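What follows is a short report on a single structure.
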Amino acid sequence: MQAIVERGIQVLVPPDAGKRKTPRPGWEGGAYAFMRRVLATELGSALYAKRQGMIEPVFANTKFNRRIDRFQRRGRSAATAHCDRRALMLASKVAAVAVADAAIGVGVGSFNGQCVDL
Numbered sequence: 008m009q010a011i012v013e014r015g016i017q018v019l020v021p022p023d024a025g026k027r028k029t030p031r032p033g034w035e036g037g038a039y040a041f042m043r044r045v046l047a048t049e050l051g052s053a054l055y056a057k058r059q060g061m062i063e064p065v066f067a068n069t070k071f072n073r074r075i076d077r078f079q080r081r082g083r084s085a086a087t088a089h090c091d092r093r094a095l096m097l098a099s100k101v102a103a104v105a106v107a108d109a110a111i112g113v114g115v116g117s118f119n120g121q122c123v124d125l
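Going by this note's numbering, the sequence shown opens with residue 8, and the numbers climb by one from there.
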């Protein structure tokens, strides 16, 4: 997550479930406290609310349409390779769509106001 932030991309990941009243044991201070403060602001809350419309369809497509709800291979390294291969396939499809959009002048490789490296 730190590498993503260093690239200038804002990360919004809630450290707690919505039902929890107190922080999880051991999940206090540092990045956890920072993320709670960010999400408590009006802007952080509004940006996180956009997640459902932007991110969840990607997970739904991956899980249901592509049937990646379980790994075909066993073992951590095999599952990681399987996941990496699927992510590469998705990235190539996203790149193809971005190129097609750029050709007709739509989108031009931007996502949520930030430039995307494809």
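Cβ atoms here follow ideal geometry from the backbone N, Cα and C, with glycine treated the same way. Note that the structure is a prediction, hence the values are computed from the model and not measured.
Here THR48 carries a coil assignment [DSSP, helix/strand/coil]. Just so you know, the alpha carbons of LEU46 and PRO21 end up roughly 7 Å apart. Taking the Cβ atoms as the reference, LEU19 lies roughly 14 Å from GLY60, outside the contact range of under 8 Å. Relative to CYS90, the option among THR69, ILE62 and GLN17 whose CA is nearest is THR69.
A straight line joining the alpha-carbon of ALA10 with that of PHE41 spans about 16 Å. Look at the segment 16 to 63 and you find these whole runs of alpha helix (DSSP H), each 4 residues long or longer: 37 to 47, 49 to 56 and 58 to 61. For the 8 Å CB-CB criterion, ARG14 and ASP23 do not form a contact.
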